[in-house]
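Okay, structure first, notes after.
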Amino acid sequence: LFMPDQVRYIPEQLIEVLSFFTTLTNILVAICFTSAYFLGPAGGSFFSRPPTLAATAMYMFMVGSIYYILIDPFWDPQGVEHLAVLLLHLVNPFFFILYWLLFVSKRELRISHAFWWLVYPLLYFIYILVRGILTRNYTYSFVDVRALGIGRVLLTNGLILALFFLLSVLMSRLTKLRR
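The structure is reproduced here in C-alpha coordinates:
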(Lines of atoms letter the chains of each structure in order from A and count residues from 1; the text may use other names and numbers.)
(Lines give C-alpha, C1' and ligand atoms only; values in the text may rest on other atoms or scores of the structure.)
Protein backbone atom coordinates (compact mmCIF):
# COMPACT_ATOMS: atom_id res chain seq x y z
CA LEU A 1 0.00 0.00 0.00
CA PHE A 2 3.00 2.30 -0.24
CA MET A 3 2.98 4.75 -3.12
CA PRO A 4 6.55 5.98 -3.79
CA ASP A 5 5.47 9.36 -5.16
CA GLN A 6 3.48 10.20 -2.05
CA VAL A 7 3.82 9.54 1.64
CA ARG A 8 0.36 8.70 2.90
CA TYR A 9 -1.09 6.82 5.82
CA ILE A 10 -2.26 3.25 5.24
CA PRO A 11 -5.94 4.00 6.06
CA GLU A 12 -5.91 6.80 3.49
CA GLN A 13 -4.33 4.50 0.91
CA LEU A 14 -6.83 1.76 1.70
CA ILE A 15 -9.74 4.17 1.21
CA GLU A 16 -8.17 5.22 -2.10
CA VAL A 17 -7.83 1.63 -3.33
CA LEU A 18 -11.37 0.79 -2.22
CA SER A 19 -12.70 3.83 -4.07
CA PHE A 20 -12.34 2.15 -7.46
CA PHE A 21 -15.36 0.39 -8.95
CA THR A 22 -12.93 -2.17 -10.38
CA THR A 23 -11.55 -3.05 -6.96
CA LEU A 24 -14.95 -3.26 -5.30
CA THR A 25 -16.39 -5.33 -8.13
CA ASN A 26 -13.46 -7.75 -8.14
CA ILE A 27 -13.96 -8.17 -4.38
CA LEU A 28 -17.63 -8.88 -5.13
CA VAL A 29 -16.51 -11.57 -7.61
CA ALA A 30 -14.33 -13.16 -4.94
CA ILE A 31 -17.25 -13.17 -2.50
CA CYS A 32 -19.58 -14.67 -5.14
CA PHE A 33 -17.13 -17.40 -6.13
CA THR A 34 -16.42 -18.24 -2.49
CA SER A 35 -20.12 -18.34 -1.66
CA ALA A 36 -21.01 -20.41 -4.73
CA TYR A 37 -18.16 -22.84 -4.05
CA PHE A 38 -18.92 -23.43 -0.39
CA LEU A 39 -22.71 -23.04 -0.36
CA GLY A 40 -23.81 -23.64 -3.94
CA PRO A 41 -26.80 -21.86 -5.50
CA ALA A 42 -29.16 -23.68 -3.13
CA GLY A 43 -27.11 -22.72 -0.08
CA GLY A 44 -29.23 -19.69 0.63
CA SER A 45 -26.48 -17.11 0.27
CA PHE A 46 -27.40 -13.86 -1.43
CA PHE A 47 -24.02 -13.95 -3.22
CA SER A 48 -24.54 -17.39 -4.77
CA ARG A 49 -28.05 -16.73 -6.10
CA PRO A 50 -28.37 -16.59 -9.92
CA PRO A 51 -29.72 -12.99 -10.02
CA THR A 52 -26.77 -11.79 -7.92
CA LEU A 53 -24.33 -13.69 -10.12
CA ALA A 54 -25.97 -12.19 -13.22
CA ALA A 55 -25.66 -8.68 -11.78
CA THR A 56 -22.01 -9.35 -10.95
CA ALA A 57 -21.35 -10.57 -14.50
CA MET A 58 -22.92 -7.37 -15.81
CA TYR A 59 -20.80 -5.26 -13.45
CA MET A 60 -17.67 -7.09 -14.62
CA PHE A 61 -18.62 -6.48 -18.25
CA MET A 62 -18.93 -2.79 -17.44
CA VAL A 63 -15.57 -2.82 -15.58
CA GLY A 64 -13.84 -3.99 -18.74
CA SER A 65 -15.86 -1.85 -21.11
CA ILE A 66 -15.51 1.41 -19.20
CA TYR A 67 -11.82 0.80 -18.69
CA TYR A 68 -11.10 0.17 -22.36
CA ILE A 69 -13.34 2.99 -23.64
CA LEU A 70 -12.83 5.79 -21.09
CA ILE A 71 -9.57 5.08 -19.27
CA ASP A 72 -7.16 3.03 -21.38
CA PRO A 73 -6.75 5.62 -24.16
CA PHE A 74 -5.43 8.12 -21.61
CA TRP A 75 -3.34 5.91 -19.33
CA ASP A 76 -0.30 3.74 -20.00
CA PRO A 77 0.50 1.56 -16.99
CA GLN A 78 3.87 -0.20 -17.03
CA GLY A 79 5.34 -3.34 -15.48
CA VAL A 80 3.47 -4.92 -12.58
CA GLU A 81 0.82 -2.21 -12.75
CA HIS A 82 0.08 -3.22 -16.35
CA LEU A 83 -0.27 -6.86 -15.28
CA ALA A 84 -2.69 -5.86 -12.50
CA VAL A 85 -4.71 -3.80 -14.99
CA LEU A 86 -4.97 -6.77 -17.36
CA LEU A 87 -6.05 -9.12 -14.59
CA LEU A 88 -8.63 -6.78 -13.08
CA HIS A 89 -10.09 -5.35 -16.30
CA LEU A 90 -9.77 -8.20 -18.82
CA VAL A 91 -8.96 -11.62 -17.35
CA ASN A 92 -11.26 -11.55 -14.30
CA PRO A 93 -14.23 -10.11 -16.22
CA PHE A 94 -13.77 -12.64 -19.03
CA PHE A 95 -13.66 -15.65 -16.71
CA PHE A 96 -16.50 -14.50 -14.47
CA ILE A 97 -18.76 -13.79 -17.46
CA LEU A 98 -17.80 -17.18 -18.95
CA TYR A 99 -18.62 -18.84 -15.62
CA TRP A 100 -21.99 -17.08 -15.55
CA LEU A 101 -22.80 -18.00 -19.15
CA LEU A 102 -21.87 -21.67 -18.78
CA PHE A 103 -22.76 -22.63 -15.23
CA VAL A 104 -25.39 -20.31 -13.73
CA SER A 105 -29.11 -20.82 -14.23
CA LYS A 106 -30.88 -18.01 -16.09
CA ARG A 107 -34.39 -19.20 -15.14
CA GLU A 108 -34.74 -16.91 -12.11
CA LEU A 109 -33.89 -13.72 -14.00
CA ARG A 110 -36.71 -11.19 -14.15
CA ILE A 111 -37.01 -7.73 -15.67
CA SER A 112 -37.52 -6.35 -12.14
CA HIS A 113 -33.95 -7.39 -11.33
CA ALA A 114 -32.70 -4.74 -13.77
CA PHE A 115 -33.84 -2.00 -11.39
CA TRP A 116 -32.23 -3.62 -8.34
CA TRP A 117 -28.98 -4.15 -10.22
CA LEU A 118 -28.69 -0.37 -10.64
CA VAL A 119 -28.47 0.24 -6.88
CA TYR A 120 -24.76 -0.61 -6.64
CA PRO A 121 -23.54 1.54 -9.58
CA LEU A 122 -25.85 4.42 -8.57
CA LEU A 123 -24.67 4.42 -4.95
CA TYR A 124 -21.09 4.09 -6.15
CA PHE A 125 -21.46 7.11 -8.45
CA ILE A 126 -22.94 9.19 -5.63
CA TYR A 127 -20.11 8.10 -3.33
CA ILE A 128 -17.27 9.00 -5.70
CA LEU A 129 -18.92 12.25 -6.71
CA VAL A 130 -19.38 13.39 -3.09
CA ARG A 131 -15.94 12.08 -2.11
CA GLY A 132 -14.36 13.92 -5.04
CA ILE A 133 -16.13 17.19 -4.21
CA LEU A 134 -15.08 16.94 -0.54
CA THR A 135 -11.47 15.82 -1.09
CA ARG A 136 -10.82 17.32 -4.54
CA ASN A 137 -9.50 13.88 -5.45
CA TYR A 138 -11.61 12.33 -8.19
CA THR A 139 -11.29 8.58 -8.64
CA TYR A 140 -12.02 8.79 -12.36
CA SER A 141 -11.54 11.63 -14.82
CA PHE A 142 -15.15 11.36 -16.02
CA VAL A 143 -16.32 12.33 -12.51
CA ASP A 144 -13.97 15.29 -12.10
CA VAL A 145 -16.33 18.23 -11.55
CA ARG A 146 -13.43 20.72 -11.54
CA ALA A 147 -12.31 19.71 -15.04
CA LEU A 148 -15.67 18.91 -16.65
CA GLY A 149 -18.28 20.86 -14.72
CA ILE A 150 -21.20 19.33 -12.89
CA GLY A 151 -23.46 19.27 -15.98
CA ARG A 152 -21.04 17.24 -18.08
CA VAL A 153 -20.26 14.90 -15.18
CA LEU A 154 -23.96 14.25 -14.59
CA LEU A 155 -24.59 13.73 -18.32
CA THR A 156 -21.64 11.36 -18.80
CA ASN A 157 -22.43 9.34 -15.72
CA GLY A 158 -26.14 9.38 -16.49
CA LEU A 159 -25.29 7.78 -19.83
CA ILE A 160 -23.10 5.22 -18.07
CA LEU A 161 -25.97 4.40 -15.68
CA ALA A 162 -28.34 4.13 -18.66
CA LEU A 163 -25.92 1.65 -20.23
CA PHE A 164 -25.88 -0.31 -16.94
CA PHE A 165 -29.68 -0.38 -17.06
CA LEU A 166 -29.84 -1.41 -20.73
CA LEU A 167 -27.38 -4.22 -20.13
CA SER A 168 -29.35 -5.24 -17.01
CA VAL A 169 -32.56 -5.45 -19.02
CA LEU A 170 -30.87 -7.50 -21.74
CA MET A 171 -29.38 -9.89 -19.22
CA SER A 172 -32.65 -10.26 -17.34
CA ARG A 173 -34.27 -11.31 -20.62
CA LEU A 174 -31.82 -14.17 -21.12
CA THR A 175 -34.25 -16.69 -19.66
CA LYS A 176 -34.02 -18.60 -22.94
CA LEU A 177 -30.43 -19.53 -22.07
CA ARG A 178 -31.54 -22.13 -19.59
CA ARG A 179 -29.24 -24.23 -17.49
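Quick note on this note's numbering: the sequence shown kicks off at 286 and runs consecutively.
Each residue gets a CB set at the ideal place from its N, CA and C atoms; glycine is no exception.
In this text the structure is predicted, and so the values were computed from the model without any measurement.
* Nearest candidate by alpha-carbon position, reference leucine 459, set Ala369, Ile312, Pro336 and Leu309 -> Pro336
* Asked: What do you get for proline 378, buried or exposed, if any count of 16 or more other CB atoms within 10 angstroms of its CB means buried?
  -> buried
* Alpha-carbon to alpha-carbon, phenylalanine 410 and leucine 448 -> 14 angstroms
* **Helix, strand or coil at threonine 424 [DSSP, three-state]** => coil
* With 16 other Cβ atoms within 10 Å as the buried cut-off, status of isoleucine 445 -> buried
* Limits of the unbroken alpha helix (DSSP H) element including glycine 349 -> 335-351
* To do: Since I believe phenylalanine 450 is in contact with threonine 441 (beta carbons under 8 angstroms), could you give me their beta-carbon distance rounded to a whole number of angstroms?
  => Actually they are not in contact, since the Cβ atoms of threonine 441 and phenylalanine 450 sit about 15 angstroms apart, beyond 8 angstroms.
* Asked: Where serine 330 and threonine 319 are concerned, what is the direct C-alpha to C-alpha distance, given to the nearest angstrom?
  -> 10 angstroms
* Any chance the segment 376-396 sits against the segment 336-345, with 3 or more Cβ pairs inside 8 angstroms? -> yes
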